[in-house]
Every structure is written in structure tokens, then in C-alpha cells.
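Here the working numbering is used: the sequence shown runs in plain steps of one and ends on residue 53.
What follows is a single structure, written as C-alpha cells, with notes after it.
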Amino acid sequence: PLNEKGERVWPKAQDDASFVLVDASCSAEAVARISPRTATFHKGQLVWGSVAG
Numbered sequence: 001p002l003n004e005k006g007e008r009v010w011p012k013a014q015d016d017a018s019f020v021l022v023d024a025s026c027s028a029e030a031v032a033r034i035s036p037r038t039a040t041f042h043k044g045q046l047v048w049g050s051v052a053g
């Protein structure tokens with residue numbers, strides 16, 4: 001996303017990489033929280049679950 005000046009707001013270099021991976025067929029399914037969580041990352045480190053490789 002960009003701000004009103006056209007500058008990138010997010011993500012920026014050095015931002016924390018914290019996110020959750022879910023097994024969902026679409027974003028609405030993930031947002032509704034009906035899909036199982038498969039992995040959680042905190043500051044770039046896998047802290048729960050697994051990622052198939």
C-alpha cells in the first residue's frame with residue numbers, strides 16, 4: 001500500500017516478519033477463521049506448526 005504521497009507504507013525493510021499460515025481456499029475463509037492454522041511465524045522465526053517443503 002502507498003500513502004497519499006505515493007510512498008510505500010508497508011512492508012518496509014527491517015519490519016518484523018510476523019504472520020500466520022492457514023489452509024484456506026480463499027481470503028474470506030481465512031479471515032472468517034474457519035480454516036486450520038498450519039504455522040505461525042514471529043519475527044521471522046517459525047514458532048508453531050510446520051511448513052511442508
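Ideal Cβ placement from N, Cα and C applies to all residues, glycine included.
As the structure is a prediction and not an experimental result, all values here were calculated from the model.
Rounded C-alpha distance that separates Gln14 from Val20: 19 Å
Could you tell me the alpha carbon to alpha carbon distance between Glu29 and Asp23, rounded to whole angstroms? 9 Å
In terms of residues, what are the limits of the alpha helix (DSSP H) holding Val31? 27 to 31
In the structure shown, what three-state DSSP assignment does Trp48 receive? strand
Ala39 (DSSP reduced to helix, strand or coil): strand
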